[in-house]
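Visitor: For the sequence shown, my numbering begins at 29 and goes up steadily by one.
All C-beta atoms, glycine included, are put in the ideal place defined by N, C-alpha and C.
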Amino acid sequence: MSLDTIITAITEILNSSPHSVEILPGSVEQWQTGSTPFLFVDSNLGIPQKLLYQLYPHALKLFKNLRLSASPSSYTSLLEASSIILLTNPAHQTALHERKRLALSGHWSVEQELDFTALLLASGRDASKQSIVWDHRRYLLQTGFSTLPGSDLKPIPPEILRKELDLILRSCESYPRNYYGWSHWDLCMEILHTYSMAKDEYYPVIIEAFTWLLQWIEQHLSDYSAVHHICRLVHRFHGMDRLRDVRNLSFTGISEQAVSLVSKYPDHEALWMYLRIVWTIGDDRLRDSLEASITHLPDCKYRERCVSWCKQSG
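1. Output the distance between the C-alpha atoms of SER48 and ALA150, rounded to the nearest integer angstrom.
2. Given SER55, which residues of its chain have a CB within under 7 Å of its CB, disregarding the five upstream and five downstream residues?
3. Hey, quick one: how far does the beta strand (DSSP E) through PRO76 stretch, first residue to last?
4. From CYS334 to SER317, what distance separates their C-alpha atoms?
5. Taking the alpha-carbon of LEU242 as reference, which of VAL255, TYR230 and TYR231 has the nearest alpha-carbon?
6. Since LEU31 contacts LEU83 with CB under 8 Å, what's their CB separation in whole angstroms?
7. Please classify LYS157 as buried or exposed, where buried requires at least 16 neighbouring CB atoms within 10 angstroms.
8. In the DSSP output, which residue or residues are listed as bridge partners for VAL49?
9. Would you kindly work out how many angstroms separate the C-alpha atoms of ALA237 and LEU193, rounded to a whole number?
10. If the criterion is Cβ atoms closer than 7 Å, does the pair GLY152 and ILE282 meet it?
11. Relative to the alpha-carbon of LEU215, which residue among LEU197, LEU189 and SER99 has its alpha-carbon at the smallest distance?
12. Report the three-state DSSP secondary structure of PHE173 (helix, strand or coil).
13. Tell me the rounded alpha-carbon separation between HIS135 and ALA37.
14. Does the beta-carbon of PRO204 have 16 or more other beta-carbons within 10 angstroms, so that it is buried, or is it exposed?
15. In angstroms, rounded to a whole number, what distance separates the CA positions of ARG95 and LEU106?
16. Buried or exposed: MET29, going by 16 or more other Cβ atoms within 10 Å of its Cβ?
17. Please go through the same chain and pick out, in chain order, the residues whose beta-carbon is closer than 6 Å to the beta-carbon of PRO294, but skip the five residues on each side of it.
18. Along the alpha helix (DSSP H) that carries VAL274, what are the first and last residues, could you check?
19. Hey, GLU297 and TYR330 are a contact pair by Cβ (cut 8 Å); roughly how many whole angstroms apart?
20. Since SER111 is in the alpha helix (DSSP H), which residue starts that stretch and which ends it?
21. On a CA-only basis, which of ALA155, SER99, PHE144 and ALA109 is nearest ASN117? Give me that one, please.
22. Count the other CB atoms, across all protein chains shown, that sit within 10 Å of the CB of GLY310; report buried if there are 16 or more and exposed otherwise.
23. Would you mind reading off the limits of the alpha helix (DSSP H) that contains LEU181?
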């Protein structure tokens, strides 16, 4: 297969909304099982890293030439070349800019670009840690949808926000403590808070987000960012009438989780920070309850620091 044919074949799969894209370590020979130099099994695309390195210089050359052309026939090829460039080098600012330009000019839709960047961010550690890709995605959301009620743009659907939150957690699996991913989470929470004040269909997404964070903390005991964001979520939403009956979506609920986890895993400093954050945002009654619980937790250096901190802060 020629390089042009391989690039077209890969981007056709990318545009068909596959379940996932993964950059595979090693060479084509290690992975090739059929007539194509990449894998596509059960709607999952695997591209050998060395194949991307072979395609990259050719894609750059195509990209440079196509940017100078204004013909409609060049738009598809420009998208194809930029897809390969970004899979190889996710921080390529010019490629992201051109895709943004094509989406805004109507030659490519915002929804299609959101689908592509979701695949890109979930493709591996290198992509998920790039602030420029998250900025690109945030721009698309704010351009293609209204993030505030009353705008002339169509409201951002609950399902889009659900997909954003799922994408963030998947990207944090490949790149732990992903600051840019968690910042994007905070943006989604702000949008949810704004829309949930007026529309009931956003409440299930809030509940799912809370449930996901509870489970995430149970499975990622050292993730400071997650404990910070679950406390922010509860602080932001706990007073809403429609959420009062949601199990554990309260200061008491997260304090019980924090105490339970610290009692089982006292050597994880992030869990002690969880306790301290809950103590900070809680009322006097919750603080008294937490202080009593802390004195019965396993004796370690973090407990002494926590006790001392509570006394000084109180």
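Guide: Once the coordinates are examined:
1. Rounded to the nearest angstrom, the two C-alpha atoms are 7 Å apart.
2. Taking SER55 as the centre and dropping the five residues before and after it, the same chain places the C-beta of PRO76 and LYS78 closer than 7 Å to its C-beta, in chain order.
3. Its beta strand (DSSP E) spans residues 72-76.
4. So the two alpha carbons sit approximately 14 Å from each other.
5. Proximity to LEU242 across VAL255, TYR230 and TYR231 peaks at VAL255, based on C-alpha coordinates.
6. Yes, LEU31 and LEU83 are in contact; Cβ-Cβ is about 6 Å, under 8 Å.
7. Burial call: buried.
8. The partner list for VAL49 (beta bridge, DSSP) reads LEU73.
9. Between ALA237 and LEU193, the C-alpha separation is close to 7 Å.
10. No, these two residues do not count as a Cβ contact at 7 Å.
11. For the residues LEU197, LEU189 and SER99, the minimum Cα distance to LEU215 belongs to LEU189.
12. Residue state, collapsed to three classes: coil.
13. Those two C-alpha atoms are separated by around 20 Å.
14. By the 10 Å Cβ count, PRO204 comes out exposed.
15. Straight-line Cα distance between these residues: approximately 7 Å.
16. MET29 should be labelled exposed.
17. These residues qualify, in order along the chain: PRO326 and CYS328.
18. Counted as a single uninterrupted DSSP element, the stretch harbouring VAL274 is not any alpha helix (DSSP H), since DSSP gives it neither H nor E.
19. Right, their Cβ atoms sit about 6 Å apart.
20. Boundaries of the alpha helix (DSSP H) harbouring SER111: 101-116, taken from the DSSP string.
21. Answer by Cα proximity: ALA155.
22. Its Cβ being crowded by 16 or more others within 10 Å, GLY310 is buried.
23. Counting along the chain, LEU181 falls outside any alpha helix (DSSP H), and DSSP gives it neither H nor E.
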